[in-house]
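Chains A and B, in that order, give the protein sequences. Following the numbering used here, the residues of the first sequence are numbered contiguously, the last one being 475. Following the numbering used here, the residues of the second sequence are numbered contiguously, the last one being 638. A virtual CB, placed ideally from N, CA and C, is assigned to each residue, including glycine. Since we're looking at a predicted model, the values are computed, not measured.
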Amino acid sequence: MVHLLRMALEKGLLDAVMVPMRVPAGDGFAHMLTREVALVEQAWPIPPVISVQSGKAVANLTRRGKGAIRVGVVMRPCEMRATLELAKLEQVHLENLTLISMDCPGALALRDFSKSPANEISKFERALNEWEERDIRPICQVCDHSNMVSGDLHLGILGKQEDSFPLIANSAKGEALMSALGFDQATETATWEREADKVTERRSLARQSWKVDLKARIEGPDRLLGILSNCINCHNCMRVCPVCYCRQCYFDSEKVKHPADDYLEQAKRKGALRFPPDMLLFHIGRMTHIGLTCVSCGACEDACPASIPISQMFALAADDAQKAFDYVPGRSMRDPQPLVVYKEKEFEEDETHG
Amino acid sequence: MARIGVFVCECGSNISEKIDIAQLIKHVSTAPGVVVAEPYRLMCSPDGRSYLEERIKKEKLTHIVVAACSPREHQQTFMKVCERAGINPYLMQLVNIREQCAWVTMDPNEATEKATRMVKAAIARVRHQAPLQRREIAVTPDVLVVGGGVAGIEASLTLAGPRRKVWLVERSAGLGGSVNSFPRTYPDMQDPRVGLGSRIAQLKANPSIEILTESQLEQVLGFFGNFQVRIRSTREAGQARELKVGAVLLATGAKLYDPAKIRGYGYGQVDNVLTSMEFEVMSDGDGVRLSDGSMPTSVAIIHCVGREVKGYCSGICCMHALKHSTYLKQRWPNIRTVHLYSDLCVPGKANQAFLENDVRAGTELIRAAGIRVAKGEQNINIDFVREDGAPDRLGVDMVILAPAVEPHADATELAGIADIALDKEGFFARHHEILGSSSSSREGVFVAGCAQGPKDIPETVMQAQAAAGMILASLVPGKKMEIETMTSHIIESYCQGCKTCISVCPFGAITFDERRKVAVVNEVICRGCGNCSAACPSGAAVIKHSTYDQIYQEIVEAVK
Numbered sequence: 122m123v124h125l126l127r128m129a130l131e132k133g134l135l136d137a138v139m140v141p142m143r144v145p146a147g148d149g150f151a152h153m154l155t156r157e158v159a160l161v162e163q164a165w166p167i168p169p170v171i172s173v174q175s176g177k178a179v180a181n182l183t184r185r186g187k188g189a190i191r192v193g194v195v196m197r198p199c200e201m202r203a204t205l206e207l208a209k210l211e212q213v214h215l216e217n218l219t220l221i222s223m224d225c226p227g228a229l230a231l232r233d234f235s236k237s238p239a240n241e242i243s244k245f246e247r248a249l250n251e252w253e254e255r256d257i258r259p260i261c262q263v264c265d266h267s268n269m270v271s272g273d274l275h276l277g278i279l280g281k282q283e284d285s286f287p288l289i290a291n292s293a294k295g296e297a298l299m300s301a302l303g304f305d306q307a308t309e310t311a312t313w314e315r316e317a318d319k320v321t322e323r324r325s326l327a328r329q330s331w332k333v334d335l336k337a338r339i340e341g342p343d344r345l346l347g348i349l350s351n352c353i354n355c356h357n358c359m360r361v362c363p364v365c366y367c368r369q370c371y372f373d374s375e376k377v378k379h380p381a382d383d384y385l386e387q388a389k390r391k392g393a394l395r396f397p398p399d400m401l402l403f404h405i406g407r408m409t410h411i412g413l414t415c416v417s418c419g420a421c422e423d424a425c426p427a428s429i430p431i432s433q434m435f436a437l438a439a440d441d442a443q444k445a446f447d448y449v450p451g452r453s454m455r456d457p458q459p460l461v462v463y464k465e466k467e468f469e470e471d472e473t474h475g
Numbered sequence: 079m080a081r082i083g084v085f086v087c088e089c090g091s092n093i094s095e096k097i098d099i100a101q102l103i104k105h106v107s108t109a110p111g112v113v114v115a116e117p118y119r120l121m122c123s124p125d126g127r128s129y130l131e132e133r134i135k136k137e138k139l140t141h142i143v144v145a146a147c148s149p150r151e152h153q154q155t156f157m158k159v160c161e162r163a164g165i166n167p168y169l170m171q172l173v174n175i176r177e178q179c180a181w182v183t184m185d186p187n188e189a190t191e192k193a194t195r196m197v198k199a200a201i202a203r204v205r206h207q208a209p210l211q212r213r214e215i216a217v218t219p220d221v222l223v224v225g226g227g228v229a230g231i232e233a234s235l236t237l238a239g240p241r242r243k244v245w246l247v248e249r250s251a252g253l254g255g256s257v258n259s260f261p262r263t264y265p266d267m268q269d270p271r272v273g274l275g276s277r278i279a280q281l282k283a284n285p286s287i288e289i290l291t292e293s294q295l296e297q298v299l300g301f302f303g304n305f306q307v308r309i310r311s312t313r314e315a316g317q318a319r320e321l322k323v324g325a326v327l328l329a330t331g332a333k334l335y336d337p338a339k340i341r342g343y344g345y346g347q348v349d350n351v352l353t354s355m356e357f358e359v360m361s362d363g364d365g366v367r368l369s370d371g372s373m374p375t376s377v378a379i380i381h382c383v384g385r386e387v388k389g390y391c392s393g394i395c396c397m398h399a400l401k402h403s404t405y406l407k408q409r410w411p412n413i414r415t416v417h418l419y420s421d422l423c424v425p426g427k428a429n430q431a432f433l434e435n436d437v438r439a440g441t442e443l444i445r446a447a448g449i450r451v452a453k454g455e456q457n458i459n460i461d462f463v464r465e466d467g468a469p470d471r472l473g474v475d476m477v478i479l480a481p482a483v484e485p486h487a488d489a490t491e492l493a494g495i496a497d498i499a500l501d502k503e504g505f506f507a508r509h510h511e512i513l514g515s516s517s518s519s520r521e522g523v524f525v526a527g528c529a530q531g532p533k534d535i536p537e538t539v540m541q542a543q544a545a546a547g548m549i550l551a552s553l554v555p556g557k558k559m560e561i562e563t564m565t566s567h568i569i570e571s572y573c574q575g576c577k578t579c580i581s582v583c584p585f586g587a588i589t590f591d592e593r594r595k596v597a598v599v600n601e602v603i604c605r606g607c608g609n610c611s612a613a614c615p616s617g618a619a620v621i622k623h624s625t626y627d628q629i630y631q632e633i634v635e636a637v638k
């Protein structure tokens with residue numbers, strides 16, 4: 122991967138790259154935008170943690186339009202999917218970006234990493250070498266899109282043969298870059314497909330049982346409130362979410378701030394009122410707003426100071442909602458978001474009659 | 079400080095017989111901001127209205143709640159009272175405690191309780207209402223006519239005048255449409271292009287008509303009296319013009335069904351098999367010849383080509399088929415002319431005589447089924463089944479096919495651009511079969527000529543003049559129309575430029591400002607439907623008079 126990026130820069134096929142790297146001070150990781158080949162040599166294309174979801178990073182760069190230079194961006198499949206969804210919402214402009222993904226072994230929990238980086242890195246190296254789910258985040262353990270090809274190029278790590286990996290082009294841009302670099306189109310992808318399908322199947326199976334278990338844990342108002350009981354309304358989950366793109370979140374606006382008398386009235390009727398109120402409304406409201414675009418990247422759960430399994434809860438609801446619309450967020454730019462698609466006949470089985 | 083006046087109408091006994099008015103007034107008079115709470119016997123009567131006006135002025139009321147009947151009945155009535163009394167009509171809320179309460183609730187206690195909630199909710203709402211200005215714009219009397227054939231030309235000439243401009247848009251380089259190809263028309267067998275030419279000359283000489291050839295309609299936004307249309311030139315690529323018109327007339331004509339779709343007719347496979355239109359062109363200047371250059375000695379004309387597929391009778395093909403044989407017999411009396419038809423359709427005062435003349439001149443009319451056209455040894459063989467059921471064969475030198483008339487291939491696209499419905503045959507649908515035959519499904523968009531359904535030239539002219547008449551009667555120059563007050567407004571600082579609102583706006587009223595990267599509502603086109611407000615995740619799109627605060631406060635009060 123690093124080799125590919127270096128060649129692209131040296132041959133002038135890309136003007137810059139945005140790739141995860143260890144930050145200069147401390148142990149953290151971040152996507153760095155650079156054209157210094159020397160720095161690119163030190164990149165970690167698959168870092169052990171997802172710090173800032175790179176869909177958000179790319180939106181920062183291109184929200185106001187494409188830049189003047191061609192940038193290659195390296196991202197995990199879930200970050201890629203978020204990027205494509207943001208492009209559909211005009212928050213990312215893809216024209217001068219080349220999106221490069223790879224098979225993802227999963228990521229570690231940010232909290233664990235920050236406590237003991239060296240330890241965690243060796244755990245991650247094991248996960249990367251053996252491709253097993255023991256140490257990765259719960260949301261990654263049940264990810265059934267970890268090999269998704271939806272950008273311009275995809276590195277099929279699971280199809281490793283001797284020392285090379287198949288490089289799969291998914292667009293004219295990807296193909297052009299590949300041939301300009303002198304790479305042949307992956308002639309043999311059968312191994313990659315087989316290995317990738319194995320991983321997807323394993324994790325899909327895990328996903329099914331995970332859904333049943335999680336549903337049992339959070340079903341019904343009491344259990345739901347129970348699992349959210351430690352929520353401190355910091356809205357971190359919303360802030361780090363790549364597909365939460367509003368300039369001002371509805372749930373931060375004046376609309377959810379009420380006169381004291383309204384709160385006193387509510388408290389009177391319920392007997393007691395938790396403060397700040399409307400915590401459940403925030404989560405369910407956010408679920409309604411972004412549920413159809415949620416890519417289960419886990420950024421929210423990493424950011425939650427109260428250790429609430431919030432990404433898992435969202436993934437549970439999002440899965441069923443997305444299936445109802447037959448929509449896979451981030452699979453392709455050609456899939457319009459369900460909100461803007463009108464069908465005269467839809468969900469007739471759910472209509473009430475008479 | 080708001081000074082809210084609450085007026086409860088007894089509506090004769092309609093409301094008072096179910097709702098305890100005194101109780102209602104007692105409970106609502108304590109709501110914050112209420113300074114007056116009174117009953118009145120019949121609020122909508124002249125006395126009631128003057129009383130309301132007096133009270134507003136005397137008590138210096140700033141907001142009004144009227145508890146009475148349905149807004150459909152008297153919203154405008156009480157808004158006018160507010161205007162006369164000097165307060166903004168949008169600071170009034172009419173609560174329906176008649177149709178929605180007294181008339182549908184059995185138990186008087188429940189009815190009174192419900193009415194109390196409804197009125198208190200209205201009081202909470204009205205406190206958050208903002209004054210809005212009613213706006214009028216002058217209707218544009220100008221008209222866009224799409225299609226430069228007979229229908230378009232006649233409509234343009236009827237419409238154009240010193241106070242009404244007409245833009246005539248035509249796809250091809252010249253005017254005249256299908257009639258340009260007719261060297262003669264029935265029943266007089268004269269060249270229509272002479273008359274057509276003089277109409278076109280009048281059109282070009284008319285200073286109120288602007289002709290845009292090699293141009294197409296690309297977009298229609300707005301509504302009757304106030305359309306914004308975009309015309310694109312196919313000549314200079316990218317050149318577009320935005321025009322403001324009050325009405326649009328679509329007169330884009332039709333075409334012939336392609337007989338190649340039915341193999342049995344031999345079109346495109348057997349030599350000297352032509353369509354009716356191809357024969358018209360060939361017969362111009364008497365150039366009727368076979369492909370080898372010789373004169374045909376016999377011509378068969380086959381009717382109803384494609385009729386079963388299309389499912390309707392095109393009405394005009396029998397007559398123009400008879401026109402062909404009449405012409406051939408007039409010009410070359412010895413040519414054998416035979417018609418193979420399934421049914422003959424010759425309505426109208428002159429047409430039957432036309433047919434009889436042709437028969438007298440020697441044209442044969444054979445009722446036939448199961449027609450198959452194939453190359454024969456000497457010329458063309460037509461195998462068919464006679465009326466008596468026996469098979470028969472005809473040998474002729476030339477075959478003219480009379481295909482069904484069907485919509486142009488791009489009629490669907492044009493209907494999409496104009497946002498009008500198609501009927502089940504694919505032509506532009508009439509608003510009403512009897513009473514709206516030159517109106518489309520969209521108010522302000524009219525249809526005339528074959529684009530609406532197959533018809534002959536006199537019928538085309540009639541429909542074009544009818545459409546023009548509808549426009550002349552309603553788009554009177556100088557007339558004003560009120561545009562929607564309760565429109566959407568997008569708050570720039572909340573808008574993140576995702577364009578979701580633009581995708582869901584049914585009226586095309588929202589555009590994207592590329593410089594500021596925000597969506598902007600065109601308040602003249604916006605109809606206040608609320609789709610944008612519902613779709614916007616940030617709450618940037620706000621509908622006037624249905625703001626978050628107004629609705630929220632109303633609900634909170636109603637469910638307390």
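Nearest CA to the CA of residue i: which residue from the options?
{"i": "B/S517", "options": "B/A542, B/T441, B/A482 and B/K333", "result": "B/A542"}
{"i": "B/S361", "options": "B/R212, B/P261 and B/A100", "result": "B/P261"}
{"i": "A/D224", "options": "A/P397, A/W313, A/V364 and A/A439", "result": "A/W313"}
{"i": "B/N350", "options": "B/T330, B/L443, B/S372 and B/Y335", "result": "B/S372"}
{"i": "B/S94", "options": "B/E151, B/Y168 and B/T183", "result": "B/T183"}
{"i": "B/A399", "options": "B/D421, B/A493, B/G389 and B/Y390", "result": "B/D421"}
{"i": "A/A439", "options": "A/P426, A/E465, A/V364 and A/A388", "result": "A/V364"}
{"i": "A/Q369", "options": "B/G225, B/P615, B/V637 and B/K638", "result": "B/P615"}
{"i": "B/D436", "options": "B/G467, B/L418, B/K401 and B/V424", "result": "B/K401"}
{"i": "B/Y345", "options": "B/S571, B/R249 and B/R450", "result": "B/R450"}
{"i": "B/Q347", "options": "B/E88, B/K198 and B/P337", "result": "B/P337"}
{"i": "B/S91", "options": "B/M121, B/K104 and B/M79", "result": "B/M121"}
{"i": "B/L334", "options": "B/H105, B/L479, B/A447 and B/P374", "result": "B/L479"}
{"i": "B/C179", "options": "B/M196, B/M170, B/G164 and B/N166", "result": "B/M196"}
{"i": "A/P169", "options": "A/L210, A/L279, A/A239 and A/L274", "result": "A/A239"}
To which residues does DSSP link residue i through a beta bridge?
{"i": "B/P469", "result": "B/V463"}
{"i": "B/W245", "result": "B/L222 and B/E288"}
{"i": "B/H591", "result": "Reading off the sequence, residue 591 of chain B comes out as Asp, not His. Beta-bridge pairing links B/D591 to B/V596."}
{"i": "B/Q306", "result": "B/L299 and B/K322"}
{"i": "B/S566", "result": "B/I621"}
{"i": "B/S376", "result": "B/R414"}
Distance, Cα to Cα, residue i vs residue j?
{"i": "B/E132", "j": "B/G531", "result": "60 Å"}
{"i": "B/G586", "j": "A/S292", "result": "33 Å"}
{"i": "A/F396", "j": "A/A297", "result": "57 Å"}
{"i": "A/L346", "j": "A/D256", "result": "28 Å"}
{"i": "B/L290", "j": "A/D456", "result": "39 Å"}
{"i": "A/E241", "j": "A/V195", "result": "22 Å"}
Taking beta-carbon pairs under 7 Å, can you tell me which members of the region 190-202 of chain B lie near chain A? Listed in sequence order: no entries.
Looking at chain B, which residues of the region 360-375 of chain A have a Cβ within less than 7 Å of any of its Cβ atoms? Listed by position, the residues of the region 360-375 of chain A near chain B (Cβ gap below 7 Å) are Y366, C367, R368, Q369, Y371 and S374.
Within the region 397-428 of chain B, ranges of the beta strand (DSSP E) (whole runs, at least 3 residues): For the region 397-428 of chain B, whole beta strand (DSSP E) runs of length 3 or above, ordered along the chain, are 414-419.
Chain A contacts from the region 601-621 of chain B (Cβ-Cβ distance under 7 Å): Correct list: A613, P615, S616 and G617.
Curious, which full-length beta strand (DSSP E) runs of at least 3 residues does the region 241-287 of chain A contain? Counting only unbroken stretches of 3 or more residues, the beta strand (DSSP E) elements lying wholly within the region 241-287 of chain A are 274-276, in sequence order.
Contact set between the region 221-255 of chain A and chain B, restricted to residues whose Cβ is under 9 Å from the partner: In summary, no residue of the region 221-255 of chain A has a CB separated from any CB of chain B by less than 9 Å.
Pull out every residue of the region 443-474 of chain A whose Cβ sits closer than 7 Å to any Cβ of chain B, in chain order. From the region 443-474 of chain A, only L460 and V461 have a Cβ closer than 7 Å to chain B.
Can you list the alpha helix (DSSP H) stretches of 4 or more residues lying completely in the region 516-556 of chain B, in chain order? The qualifying runs are 535-552.
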